[in-house]
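>
Residue numbers (the UniProt record's numbering): 1 to 674.
#1: I'd like the ranges of any alpha helix (DSSP H) spanning at least 4 consecutive residues and lying wholly in the region 141–219.
#2: Tell me whether residue 110 sits in a helix, a strand or coil according to DSSP, three-state version.
#3: With a 10 Å radius around its C-beta and 16 neighbouring C-beta atoms as the bar for buried, classify residue 17 as buried or exposed.
#4: In the DSSP output, which residue or residues are listed as bridge partners for residue 310?
#5: Note down the Cα distance separating residue 42 from residue 661, rounded to an integer number of angstroms.
#6: If we cut at 8 Å on Cβ distances, does residue 337 have a partner in chain B?
#7: Classify residue 589: buried if its beta carbon has 16 or more other beta carbons within 10 angstroms, exposed otherwise.
#8: Does the pairing of the region 247–262 with the region 204–214 give three or more beta-carbon distances under 8 Å?
#9: Tell me where the beta strand (DSSP E) around residue 643 begins and ends.
#10: Give the C-beta separation of residue 327 and residue 163 to the nearest angstrom, bearing in mind that I take them to be a contact with Cβ-Cβ under 8 Å.
#11: Decide yes or no for the touch test of the region 235–245 against the region 268–282: beta carbon pairs closer than 8 Å, at least 3 of them.
#12: Please work out which residues of its chain come closer than 7 Å, Cβ to Cβ, to residue 177, disregarding the five sequence neighbours upstream and downstream, and give them in chain order.
#13: Within the continuous alpha helix (DSSP H) that includes residue 600, where are the two ends?
#14: Taking three-plus beta-carbon pairs below 8 Å as touching, is the region 634–654 in contact with the region 606–622?
#15: Determine which residues share a DSSP beta bridge with residue 506 and list them.
#16: Could you please give the first and the last residue of the uninterrupted beta strand (DSSP E) stretch that includes residue 561?
#17: Could you compute how far the alpha carbon of residue 76 sits from the alpha carbon of residue 47?
#18: Kindly list the residues whose CB is nearer than 6 Å to the CB of residue 385, restricted to its own chain and excluding five residues on each side of it in sequence; keep chain order.
#19: Roughly how many angstroms separate the alpha carbons of residue 267 and residue 570, rounded to a whole number?
#20: Pull the bridge partners of residue 69 from the DSSP assignment, please.
#21: Where does residue 519 sit, in a helix, a strand or coil, going by DSSP?
#22: Name the DSSP bridge partner or partners of residue 595?
#23: On a Cα-Cα basis, can you pick out the residue from 412, 408, 480 and 443 that is closest to residue 424?
#24: Thinking just about the alpha-carbon of each residue, which of 58, 215, 468 and 32 is nearest to the one in residue 351?
#25: Relative to the C-alpha of residue 227, which candidate in 216, 238, 272 and 622 has its C-alpha closest?
#26: Closest by CA to residue 584, which one among 599, 561, 28 and 602?
#27: DSSP has residue 574 in a bridge; who is on the other side?
#28: Mapping DSSP to helix, strand and coil, what is residue 477?
#29: How should residue 628 be labelled, buried or exposed, when 16 other C-beta atoms within 10 angstroms of its C-beta is the threshold for buried?
#30: The ligand GTP and residue 594: does the residue's C-beta get closer than 7 Å to at least one heavy atom of that ligand?
#31: Could you give the first and the last residue of the continuous alpha helix (DSSP H) run that contains residue 665?
#32: Does the distance from the CB of residue 641 to the CB of residue 592 come in under 8 Å?
#33: In chain order, what residues of the same chain have a beta carbon less than 6 Å from the beta carbon of residue 335, not counting five sequence neighbours either side?
#34: Considering only C-alpha positions, which residue in the set 658, 667, 616 and 323 is nearest to residue 650?
#35: Which value, in whole angstroms, describes the spacing of the CA atoms of residue 371 and residue 356?
#36: Given this structure, state the Cα-to-Cα distance separating residue 681 from residue 373, to the nearest angstrom.
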């Protein structure tokens, strides 16, 4: 019997749901470049990297794939294939006309125009810009052991180049001048040994064109960046910097706008610089001019953003493509300030960019992830002069050079002002972040495990197992206490306030413990209580989550609204809160694709904040159950978190870290020493 070839196996994998039809189509197209006997190697590599990108990886590392099942075993079955010998696979790929092999350090083609208009046109999909070298017209790139879709290799190289260029060197501002500005916005340096890393971050932002600030919830990122904007104004009061504030999603933009306004109110009204701080954040898509049907953003190298300072919040949510487009659109002399939490979930799309920018992660469980990067002695001296602090905790490189130019632009905020030292949420988040012993903590003291049938309490942290059979009963009690008041609110403002007080977060969409099933159970409970009509999709008080960008109505993936009658005509409409706190309405029929949002995935909750959170994990293990997912879920809560999961699932998730294949970290931190 004839052994099935790779293309035949790809057909079977598609039929079984282990491969997408688009992956197979791309594999066949790439294999058609050749007639020299390497078709199967190309088809397999093309299908694999296409699938991996859809799963969040930027590339496929062929050496790491060697000998391992390439596709999901439960679906692939006997059609699965082990990764071939890496050396042989790479040799075959190198002989293909579909593959560009990078033999020297990866070149950067950021702004190099093509000499051939026809080749440039054919390569449009490979570039974030309108000008692409002809070499990039091949669909695949083999860079060392990493196989890329060409456009993702380009995004990665371009982003690394632009970041390193921006990170090198210092602005012309003297440390003494920075010190004078810092003294006007920050309290005097404390006499004790503890370093004020907010003050350090402000000094770095003043003296560098790139500043990366990572910190958990309540570490003062918004206060720090507000003070930074004041410092930058004091440095040039005659010409206030043109500044924009942005975030990856509408919800995140609304949150940073609200936080910034509250923070500004804490500074004296006489401070003239307050007038020049942006009063409203925008989404990166709006800022860059990214529209449906347009392959190139409105702003790019040939039409840069008219800015001197760009501040981006929730940077951990930014994928590789969007970050590369943002850097390419920023003028070379402009300052870029990135705020985020490197320990949160990676972006939904390909890459783990913000984490890569912050450097390699420690591998030992229980090790703090907040250890400051290693810097040069020159950096320490300059920052010491600018801040007036001794920086006893600063690590320096013995040879005098920093581990990476980015290490001198990166500051980790270590102190939480939201959670007290004895706070349950703060201690739990720290344990999860470091991969520490979570279960003993949850089962000890005031966080002792309660009976499986117990319902949500007002304790700061609770942990209970939850069996599928108990779900309806437990949820009914929660619905009566948390969601019935939303539907019974008197005004849409009141409904919004009650909805933001509590949310159910899930790790998955499917299974009885997923978003779809739990939302259905919540609606069933509300119907049995007589609060909503049965069999009606749209009803008063229904929270809706937009799942697809719609530029025509300016609603974006992740935006949350509430269906509520319009007092003017009584018609049911979708109400969405603007960043200034007011509401906009939309006819229900004009809503983009959306779903009910009593429960939402942890990914969708990124950039959001709730008073209390119920985290529900599935009974069976899944790849999405990671340390980063748990940390992100727990830190969405301000006042309390209730975790429903088995001990084994929780322990497995804490041990598992998000691993995304990419070459960005090694390009940015080639000689790292954290």
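Backbone N, C-alpha and C define an ideal beta-carbon position, used for all residues, glycine too.
Reading it off the structure:
#1: Whole alpha helix (DSSP H) segments, 4+ residues: 150–167, 175–185 and 197–207.
#2: As a working note, residue 110 is residue 110 in the chain shown. Only weak support is given to the placement of residue 110: the predicted model assigns it a pLDDT of 45, under 50, and the value that follows is read from those uncertain coordinates. Residue state, collapsed to three classes: coil.
#3: Counting from one through the chain shown, the residue named residue 17 turns up at place 17. Per the 10 Å Cβ criterion, exposed.
#4: Position 310 of the chain shown, counted from the start, is the residue given in the question as residue 310. Per DSSP, 244 and 336.
#5: Translated into positions along the chain shown, residue 42 becomes position 42. Translated into positions along the chain shown, residue 661 becomes position 661. The straight-line gap from Cα to Cα measures roughly 19 Å.
#6: In summary, chain B is missing from the structure at hand, where a single protein chain is found.
#7: Position 589 of the chain shown, counting from 1, holds the residue named residue 589. Classified as exposed, residue 589 has fewer than 16 neighbouring CB atoms from the shown chains inside 10 Å of its CB.
#8: Cβ pair count under 8 Å is below three, so no.
#9: Position 643 of the chain shown, counted from the first residue, corresponds to residue 643. That run of the beta strand (DSSP E) goes 637–644.
#10: Counted from its first residue, the chain shown places residue 327 at position 327. Counted from its first residue, the chain shown places residue 163 at position 163. Residue 327 to residue 163, Cβ: 7 Å. Contact.
#11: For the pair of segments examined, the region 235–245 was found to touch the region 268–282: the number of CB pairs separated by less than 8 Å reaches three.
#12: Here residue 177 corresponds to residue number 177 of the chain shown, with the count starting at 1. Close CB contacts of residue 177 within its chain, under the 7 Å cut and outside five residues either way in sequence, are with 235 (chain order).
#13: Numbered from its first residue, the chain shown carries residue 600 at position 600. Segment 599–601 is the beta strand (DSSP E) holding residue 600; no alpha helix (DSSP H) there.
#14: Verdict: yes, contact present.
#15: Within the chain shown, the letter at position 506 stands for residue 506. 601 and 616, per the DSSP bridge assignment.
#16: Locating residue 561 in the chain shown gives position 561, counting from the first residue. Secondary structure note for residue 561: its beta strand (DSSP E) is the uninterrupted segment 560–565.
#17: For this step, residue 76 is matched to residue 76 along the chain shown. For this step, residue 47 is matched to residue 47 along the chain shown. The straight-line gap from Cα to Cα measures roughly 14 Å.
#18: If you number the chain shown from 1, residue 385 lands on position 385. Cβ neighbours of residue 385 beyond the five flanking positions: 175.
#19: Within the chain shown, numbered from 1, the residue matching residue 267 stands at position 267. Within the chain shown, numbered from 1, the residue matching residue 570 stands at position 570. Per the coordinates, the alpha-carbon of residue 267 lies some 43 Å from the alpha-carbon of residue 570.
#20: In the chain shown, counting from the first residue as 1, residue 69 sits at position 69. 82, per the DSSP bridge assignment.
#21: Here the question's residue 519 lines up with position 519 in the chain shown. Look at residue 519 here: in three-state DSSP terms it is helix.
#22: Taking the first residue of the chain shown as 1, we reach residue 595 at position 595. DSSP output for residue 595 lists 545 as bridge partner(s).
#23: Translated into the one-based positions of the chain shown, residue 424 becomes position 424. Restricting attention to 412, 408, 480 and 443, the CA atom closest to the CA of residue 424 is found in 443.
#24: Position 351 of the chain shown, counted from the first residue, corresponds to residue 351. Sorting 58, 215, 468 and 32 by C-alpha distance to the C-alpha of residue 351 places 58 at the top.
#25: In the chain shown, residue 227 corresponds to position 227, counting from 1. Nearest of 216, 238, 272 and 622 to residue 227, Cα basis: 272.
#26: Within the chain shown, the letter at position 584 stands for residue 584. Restricting attention to 599, 561, 28 and 602, the CA atom closest to the CA of residue 584 is found in 561.
#27: Sequence index remark: in the chain shown, residue 574 carries index 574 (1-based). Looking at the DSSP output, residue 574 sits in a beta bridge with 563 and 586.
#28: Reading the chain shown from its first residue, position 477 is the one you call residue 477. Of the three classes helix, strand and coil, the one that applies to residue 477 here is helix, per DSSP.
#29: As a first step, residue 628 must be located in the chain shown, where it is residue number 628. It is buried - the Cβ of residue 628 has at least 16 other Cβ atoms within 10 Å.
#30: You won't find the ligand GTP in this model; it holds no ligand whatsoever.
#31: Locating residue 665 in the chain shown gives position 665, counting from the first residue. Following the DSSP letters along the chain, one finds residue 665 inside the alpha helix (DSSP H) bounded by residues 664–668.
#32: Taking the chain shown and counting its residues from 1, one reaches residue 641 at position 641. Taking the chain shown and counting its residues from 1, one reaches residue 592 at position 592. In this structure, residue 641 lies away from residue 592, with their beta-carbon atoms at least 8 Å apart.
#33: As a first step, residue 335 must be located in the chain shown, where it is residue number 335. Excluding sequence positions up to five before and after residue 335, its CB lies within less than 6 Å of the CB of 209 and 309, all in the same chain and listed in chain order.
#34: Working through the chain shown from its first residue, we reach residue 650 at position 650. The shortest C-alpha separation from residue 650 is found at 616.
#35: Residue numbering aside, residue 371 sits at position 371 when the chain shown is read from its first letter. Residue numbering aside, residue 356 sits at position 356 when the chain shown is read from its first letter. Our two residues, residue 371 and residue 356, have alpha carbons roughly 15 Å apart in a direct line.
#36: Missing from the structure shown is residue 681; the chain here goes from 1 to 674 and no further.
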